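Notes to accompany the following structure.
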Amino acid sequence: MKANLILTKEYKKWLAELKQKVRNTQLKAAVKVNSEMLLFYWDLGADIVAKQAKAKWGEGFLTQLSKDLMEEFPGMKGFSKRNLELIRQWYLFYSENRLISQQPVGPIAKQAVSQLPSGTIKRQPVGQIALIPWGHNIAIISKCKNTGEALFYVRNTLEHNWSRNVLVHQIESGLYKREGKSLTNFAITLPKPQSDLAQQTLKNPYIFDFLSILKDRVMVKRILRQCGYPPDKTKMATELVPEKANYDLL
Numbered sequence: 027m028k029a030n031l032i033l034t035k036e037y038k039k040w041l042a043e044l045k046q047k048v049r050n051t052q053l054k055a056a057v058k059v060n061s062e063m064l065l066f067y068w069d070l071g072a073d074i075v076a077k078q079a080k081a082k083w084g085e086g087f088l089t090q091l092s093k094d095l096m097e098e099f100p101g102m103k104g105f106s107k108r109n110l111e112l113i114r115q116w117y118l119f120y121s122e123n124r125l126i127s128q129q130p131v132g133p134i135a136k137q138a139v140s141q142l143p144s145g146t147i148k149r150q151p152v153g154q155i156a157l158i159p160w161g162h163n164i165a166i167i168s169k170c171k172n173t174g175e176a177l178f179y180v181r182n183t184l185e186h187n188w189s190r191n192v193l194v195h196q197i198e199s200g201l202y203k204r205e206g207k208s209l210t211n212f213a214i215t216l217p218k219p220q221s222d223l224a225q226q227t228l229k230n231p232y233i234f235d236f237l238s239i240l241k242d243r244v245m246v247k248r249i250l251r252q253c254g255y256p257p258d259k260t261k262m263a264t265e266l267v268p269e270k271a272n273y274d275l276l
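Residue numbering for the sequence shown follows the numbering used here, starting at 27 and increasing by one per position.
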């Protein structure tokens, strides 16, 4: 009976569809967490800029902030001094340009934000830049001269599922100068599950680090499993979360 079931066309078709659903669910979870992390980075960048401007805190402020955050959240790459500097740079690059507020956010990012408790945080409209991995974002702001060029590469990354290496190659080869004016609208969709962009989103180390600051062990474990992390990493992250807390960020 078992052998006959495995050989049937109906079962094979259903199994293939089920595998695809698993991959899509993993990717949706990873994109949601990535979007939430980048929305947090945006707010953190805004706070850093505001504090340094109003309170006149110098560069020593970032050193102290990194030290204090990493003491509270050990091992999180996102709170290194270098990454805090990049978060500030990323925020400043985009914040004063209206193009950012005109970007469609898309249903994926909207869902992540809409499920937050009301009034917990004041958000800026980050849009499409929150849908690509942090490493892609850093490559873009490091190599692009203005937000028009940057958003061109953000959109092309989403449309063509570029890996970071392909993205860097396209920037360095001057694709924007050749085709920037011919940019057209496109539908914002999930990366193709087998694409390099999807794999880099799923394996983004900053996502794993960010999940460790969530306060709900059950939620963390569920998201990590959906993202396809192995049991050892899932156990490691959930152990950093208070056992009885219930604080859902997604």
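Just so it is clear, CB atoms sit at the ideal spot from N, CA and C, and this is done for glycine as well.
Small disclaimer: the values here were computed from a predicted structure and weren't measured.
Exposed unless 16 or more other CB atoms sit within 10 angstroms - verdict on residue i
i, result
"I71", "The question names Ile, but residue 71 is Gly in the sequence shown. G71 is buried by the Cβ-count criterion."
"E98", "exposed"
"N172", "exposed"
"P159", "buried"
"E62", "buried"
"G153", "buried"
Distance between residue j and residue i (C-alpha atoms, nearest Å)
i, j, result
"N109", "L33", "52 Å"
"K54", "K80", "39 Å"
"Y37", "V48", "16 Å"
"T89", "K58", "30 Å"
"S52", "E122", "According to the sequence as given, residue 52 is Gln; it is not Ser. Computed Cα separation, rounded: 34 Å."
"Y232", "L91", "18 Å"
Endpoints, the alpha helix (DSSP H) within which residue i is located
i, result
"G174", "T173 to H186"
"K45", "K35 to K80"
"M96", "G86 to E98"
"A156", "Element bounds for A156: n/a, residue is neither H nor E."
"W116", "K107 to S121"
Beta-carbon spacing of residue i, residue j below 8 Å
i, j, result
"D235", "K103", "yes"
"N60", "T227", "yes"
"L157", "L184", "yes"
"A95", "F105", "The amino acid at residue 95 is misidentified as Ala; the sequence shows Leu. In this structure, F105 lies closer than 8 Å to L95 by Cβ."
"I197", "V180", "no"
Open item on the list: Whether or not the segment 162-169 and the segment 186-197 are in contact is what I'm after, with contact meaning three or more pairs of Cβ atoms, one per stretch, closer than 8 Å; do they touch?
Closed with: yes
Task: Stretch-stretch touch, CB-based, cutoff 8 Å, three pairs: the segment 114-121 with the segment 64-84 - done: yes
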